[in-house]
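Student: Let me begin by handing over the structure; questions about it come next.
2 protein chains.
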Amino acid sequence: MNTPFSIIIADDHSMFLDGLTSILSEEKSIKIVLTAKTGTQVLKYLRINTEEKIDLVITDINMPEMDGIELNTAIKDEFPKVKTLVVSMLEDAKKIKILTEANTNGYISKNAEKTELLKAIKSILNGENYFSPRIKQILMEAMFSAKSEPEISLSKRETEVLKLIAQEFTTQEIADKLFLSKHTIESYRKNLISKLGVRNLAGLTRYAVEKGMLE
Amino acid sequence: MNTPFSIIIADDHSMFLDGLTSILSEEKSIKIVLTAKTGTQVLKYLRINTEEKIDLVITDINMPEMDGIELNTAIKDEFPKVKTLVVSMLEDAKKIKILTEANTNGYISKNAEKTELLKAIKSILNGENYFSPRIKQILMEAMFSAKSEPEISLSKRETEVLKLIAQEFTTQEIADKLFLSKHTIESYRKNLISKLGVRNLAGLTRYAVEKGMLE
DNA sequence: TGAATTATCACGGTTTTCAGTGAAAACAAA
DNA sequence: TTTGTTTTCACTGAAAACCGTGATAATTCA
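Next comes the structure, spelled out in structure tokens:
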């Protein structure tokens with residue numbers, strides 16, 4: 013019989029880690045060589061055990077220290093032969109896009125059935141990529157809707173002023189805080205309003221909060 | 013040997029469900045009689061199989077149709093003999109508090125180790141409740157910090173006006189929309205500002221967004 | 001180096017918000 | 001039935017925001 017495939021699993025939720033390990037240990041063609049809770053642990057292992065052939069790294073996206081996206085790019089950069097499969101809770105189009113651009117070999121949701129998980133793993137180990145139909149669909153939708161959002165980019169100053177506005181400071185206060193003229197801040201407010209397509213302070217504030225620009 | 017304990021597991025992420033099943037099927041004292049993806053499935057099963065003795069329901073909080081909190085209260089209401097263990101991703105003090113008040117028998121995080129999971133299950137099956145140290149700590153902190161938040165309650169109209177303000181409507185527009193005088197809306201705005209302890213529209217908007225009053 | 005973007009400032013006029021103060025009617029709860 | 005809350009409306013003066021329409025210097029980047 014062939015030697016089993018060597019797999020690393022990374023997820024910060026130990027229960028999920030244990031569960032996945034338990035599921036995969038039933039598969040005789042798979043050998044789990046490491047389970048890790050952070051991306052850094054995985055990278056460290058790969059760097060130390062360079063002589064060991066690792067076939068696949070299964071990773072979550074949300075992890076402390078080094079998340080799945082960073083881990084993925086690092087692996088593809090340093091160990092291009094190692095395949096990666098992302099198993100994530102979220103179905104965030106942007107993150108999926110970044111991951112595909114970083115040459116992830118597969119992406120499935122934690123909603124996926126066990127059979128789909130095994131299918132994905134086998135496909136990848138066979139040299140094919142695997143993205144579940146749902147993920148493909150989300151990617152497609154993102155492609156189309158992306159064009160409708162022309163990506164508003166704000167300069168440093170604009171961002172700074174916007175934050176202060178959303179924090180309830182008045183024009184005069186912001187001017188004092190930044191050692192600028194009150195007129196300057198007024199210009200910024202005006203620009204921000206037209207740039208972001210909103211009508212007033214409320215709109216600016218909502219934009220700032222929803223984009224997570226505060227705290 | 014004793015008859016094994018009958019357990020139901022509910023979680024909308026099938027991978028987690030499979031993982032947990034896989035872990036627990038190693039335990040001989042445990043028999044998994046049902047795995048479900050929604051709370052309603054669990055309730056339906058309990059209602060049909062009334063003669064069957066179910067010892068424990070392990071459930072996530074976030075689930076479609078009927079979440080873990082509703083499921084828990086329903087179980088405690090209809091089937092008080094059935095124990096419940098909540099296994100959740102989130103460590104939200106409020107939800108934990110609601111669950112303890114609804115007589116949940118245990119609460120552990122998905123961060124918990126396998127050993128802790130088994131410990132929790134065994135404790136509960138032995139008639140004790142189990143809350144992990146971390147959860148206890150969060151609960152304690154919530155108790156103390158709760159007093160610092162004096163629970164601001166807004167009336168229907170106040171909420172309505174606040175929403176419209178946060179949606180960038182001017183006083184006049186809101187007045188027209190609600191068939192009220194402009195002065196009335198001004199009063200509401202003023203009251204809201206002092207009630208919520210903010211300074212201006214930005215503060216009101218932030219409050220509305222952060223409380224999830226919009227969508 | 002030249003073009004584009006960013007950062008800065010200015011002014012007059014209009015609208016809106018903010019702060020203070022007050023009050024009447026409707027309604028629910030105790 | 002009294003008390004409290006909610007909903008409704010009104011006026012004033014000051015402050016701030018909003019609108020239009022500029023301009024100049026600094027920086028960045030192609």
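Quick mapping for you: the protein sequence lines, in order, are chains A and B. Residue numbers for the first sequence follow the working numbering, beginning at 13 and rising by one. Residue numbers for the second sequence follow the working numbering, beginning at 13 and rising by one. Cβ atoms here follow ideal geometry from the backbone N, Cα and C, with glycine treated the same way.
Checking contacts by CB at 7 Å: is ALA214(A) closer than that to chain B?
Tutor: Yes - at least one Cβ of chain B is within 7 Å of the one on ALA214(A).
Student: Please name the residue or residues paired with ILE19(A) in a DSSP beta bridge.
Tutor: ILE44(A), LEU68(A).
Student: Below 8 Å CB to CB, which residues in the same chain sit around LEU151(A) once its five sequence neighbours on both sides are set aside?
Tutor: Once the five neighbours on either side are set aside, the close Cβ partners of LEU151(A) are ALA105, ILE108, LYS109, THR112, PHE143.
Student: Scan the segment 23 to 34 of chain A for residues whose Cβ lies nearer than 9 Å to a Cβ of chain B and list them as they occur along the chain.
Tutor: Per Cβ criterion, the list reads ASP24, HIS25, SER26, MET27, PHE28, LEU29, ASP30, GLY31, LEU32, THR33, SER34.
Student: Apply the 10 Å Cβ neighbour rule to ILE60(A) and answer buried if 16 or more other Cβ atoms are within range, or exposed otherwise.
Tutor: Exposed: under 16 other Cβ atoms inside 10 Å.
Student: From which residue to which residue does the beta strand (DSSP E) around THR96(A) run?
Tutor: Residues 95 to 100.
Student: Going straight from the alpha carbon of SER26(A) to that of LEU68(A), what length do you get?
Tutor: About 19 Å.
Student: Measure the alpha-carbon distance for SER167(B) versus ILE205(B) and round it to whole angstroms.
Tutor: Their backbone Cα atoms lie some 14 Å apart in a straight line.
Student: Does the separation of the CB atoms of LEU83(A) and GLY51(A) fall below 7 Å?
Tutor: The answer is yes: Cβ separation under 7 Å.
Student: Chain B beta carbons: is any one of them nearer than 7 Å to that of SER116(A)?
Tutor: Here the sequence assigns Thr to residue 116(A), which means Ser is not the residue at that position. No, no contact with chain B.
Student: I'd like the list of long-range same chain contacts for LYS73(A), defined as Cβ closer than 7 Å, with 5 residues on each side in sequence excluded.
Tutor: The sequence given here places Ile at residue 73(A); Lys does not occur at that position. Counting only Cβ-Cβ distances below 7 Å, and skipping sequence neighbours, we find ASP79, GLY80, ILE81, VAL98, SER100, LEU102, LYS107.
Student: For the beta strand (DSSP E) that contains ILE120(B), what are its first and last residues?
Tutor: Residues 118 to 121.
Student: Mind reading off the beta-carbon distance from ILE19(A) to LEU36(A)? Whole number of angstroms is fine, and I expect it under 8 Å.
Tutor: Right, the Cβ-Cβ distance comes to about 7 Å (below 8 Å), so this counts as a contact.
Student: Distance cutoff 7 Å, beta carbons only. Does ILE69(A) sit that close to anything in chain B?
Tutor: Note that residue 69(A) is Val in the sequence shown, not Ile. Taking Cβ atoms only, chain B never reaches closer than 7 Å to VAL69(A), which makes this a no.
Student: By alpha-carbon positions, which one of ILE42(B), ARG211(B), THR62(B) ends up nearest to ILE136(B)?
Tutor: For the residues ILE42(B), ARG211(B), THR62(B), the minimum Cα distance to ILE136(B) belongs to ILE42(B).
Student: Between ARG211(A) and ARG201(B), what straight-line distance do the alpha-carbon atoms span, to the nearest angstrom?
Tutor: The straight-line gap from Cα to Cα measures roughly 18 Å.
Student: Quick check: what's the CA-CA separation for GLU227(B) versus THR15(B)?
Tutor: When rounded, the distance between both Cα atoms is 51 Å.
Student: Have a look at GLN184(A), PRO145(A), LEU176(A), LYS131(A) and flag the residue whose alpha-carbon is nearest the alpha-carbon of VAL221(A).
Tutor: Considering only alpha carbons, the answer is LEU176(A).
Student: So that I know if they touch, is there some Cβ in chain A lying closer than 7 Å to that of ARG218(B)?
Tutor: By this cut-off, ARG218(B) is an interface position.
Student: Chain B partners of LYS189(A), CB-CB under 9 Å?
Tutor: Ordered by position in chain B, no residue passes the 9 Å Cβ test against LYS189(A), which lies about 15 Å from the chain.
Student: Is the Cβ-Cβ distance between THR183(B) and LYS194(B) less than 7 Å?
Tutor: In this structure, LYS194(B) lies closer than 7 Å to THR183(B) by Cβ.
Student: Just the chain B side, please: which residues come within less than 7 Å of ILE177(A) by C-beta, in chain order?
Tutor: What ILE177(A) touches in chain B: ALA214.
Student: So, using beta-carbon positions, are PHE28(B) and PHE28(A) closer together than 7 Å?
Tutor: Going by C-beta atoms, PHE28(B) is nearer than 7 Å to PHE28(A).
Student: When DSSP labels each residue in this structure, what does PHE181(A) get in the three-state scheme?
Tutor: Looking at PHE181(A) - three-state DSSP - the assignment turns out to be coil, as it is neither helix nor strand.
Student: Apply the 10 Å Cβ neighbour rule to ASP30(A) and answer buried if 16 or more other Cβ atoms are within range, or exposed otherwise.
Tutor: Classification for ASP30(A): buried.
Student: For the putative contact between THR85(A) and ALA48(A), defined by C-beta atoms under 8 Å, what is the C-beta separation to the nearest angstrom?
Tutor: With 8 Å as the limit, THR85(A) and ALA48(A) do not qualify as a contact, their Cβ atoms being about 17 Å apart.
Student: With a threshold of 8 Å on Cβ separation, who are the neighbours of GLU172(A) within its own chain once the five nearest residues in sequence on each side are excluded?
Tutor: If we look at GLU172(A) and ignore the five residues flanking it on each side, its Cβ neighbours are LEU190.
Student: Please report the distance separating the alpha-carbon of ALA124(B) from that of GLY224(B).
Tutor: The straight-line gap from Cα to Cα measures roughly 30 Å.
Student: With a threshold of 7 Å between beta-carbons, can THR50(B) be considered close to chain A, or not?
Tutor: Answer no: the Cβ-Cβ gap between THR50(B) and chain A never drops below 7 Å.
Student: Which term fits ARG169(B), buried or exposed, when burial requires 16 or more other beta carbons within 10 angstroms of its beta carbon?
Tutor: When all chains shown are included, ARG169(B) counts as exposed.
Student: So is GLU64(B) in contact with chain A if we call contact Cβ pairs under 7 Å?
Tutor: Not closer than 7 Å to any Cβ of chain A, the Cβ of GLU64(B) fails to qualify, so no.
Student: Within 10 angstroms of the Cβ of GLY139(B), are there 16 or more other Cβ atoms? Answer buried if so, exposed if not.
Tutor: So GLY139(B) counts as exposed.
Student: Between GLY209(A) and chain B, is there a C-beta pair that is closer than 7 Å?
Tutor: With 7 Å as the cut-off, GLY209(A) does not count as an interface residue toward chain B.
Student: For ALA132(B), which residues from the same chain have a beta carbon less than 8 Å from its beta carbon, with the 5 sequence-adjacent residues on both sides left out?
Tutor: Excluding sequence neighbours, ALA132(B) sits near LEU97, GLY118, ILE120, ALA124, TYR142, SER144.
Student: Please list the residues of the segment 117 to 131 of chain B that have a C-beta atom closer than 7 Å to any C-beta atom in chain A, keeping them in chain order.
Tutor: Cβ contacts with chain A come from LYS122, ASN123, ALA124, GLU125, LYS126, LEU129.
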